[in-house]
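Visitor:
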Amino acid sequence: MSAAVALTVNGKPAQAEEGSTLGQLADSLGLPARGVAIALDGEIVPRSQWAFTLVSEGCAVEVVSIAAGG
Numbered sequence: 100m101s102a103a104v105a106l107t108v109n110g111k112p113a114q115a116e117e118g119s120t121l122g123q124l125a126d127s128l129g130l131p132a133r134g135v136a137i138a139l140d141g142e143i144v145p146r147s148q149w150a151f152t153l154v155s156e157g158c159a160v161e162v163v164s165i166a167a168g169g
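Numbering (the working numbering), first residue to last: 100 to 169.
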């Protein structure tokens, strides 16, 4: 059984398995395949890097929906 790491998602406490990537976290949160951006500790992470970017204890994840219009 893997250990869990504590983090925040949009300011709310959350947990992820130790060694999880942003991509795995996005999947576990049920995020859509398009139309969202993720910032990790205040820095936007390109979607192409989600599969390679690890979440760690105490990190802050912000999920932002991208809306079209003007």
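Note that beta-carbon positions come from the ideal geometry of N, C-alpha and C, so glycine has one too.
Can you name, in chain order, every residue of its own chain whose Cβ lies under 7 Å from the Cβ of residue 152, other than the five neighbours on each side?
Guide: Here residue 152 corresponds to residue number 53 of the sequence shown, with the count starting at 1. Same-chain partners within the cutoff: 120, 121, 139, 144.
Visitor: Got a sec, what are the start and stop residues for the alpha helix (DSSP H) residue 123 sits in?
Guide: What you label residue 123 is simply residue 24 of the sequence shown in a count that begins at 1. It spans 121-127 - the alpha helix (DSSP H) in which residue 123 sits, taken as one unbroken run.
Visitor: Measure how close the beta-carbons of residue 134 and residue 165 come, nearest whole angstrom, since I'm counting them as under 8 Å.
Guide: As a working note, residue 134 is residue 35 in the sequence shown. As a working note, residue 165 is residue 66 in the sequence shown. Indeed they touch by this definition, with Cβ atoms about 5 Å apart.
Visitor: Could you tell me which residues DSSP pairs with residue 114 in its beta bridges?
Guide: Taking the first residue of the sequence shown as 1, we reach residue 114 at position 15. Beta-bridge pairing links residue 114 to 105.
Visitor: Are the CB atoms of residue 104 and residue 155 within a distance shorter than 8 Å?
Guide: Residue 155 sits at position 56 when you count from the first residue of the sequence shown. Residue 104 sits at position 5 when you count from the first residue of the sequence shown. Yes, the pair counts as a contact, with Cβ atoms nearer than the cut-off.
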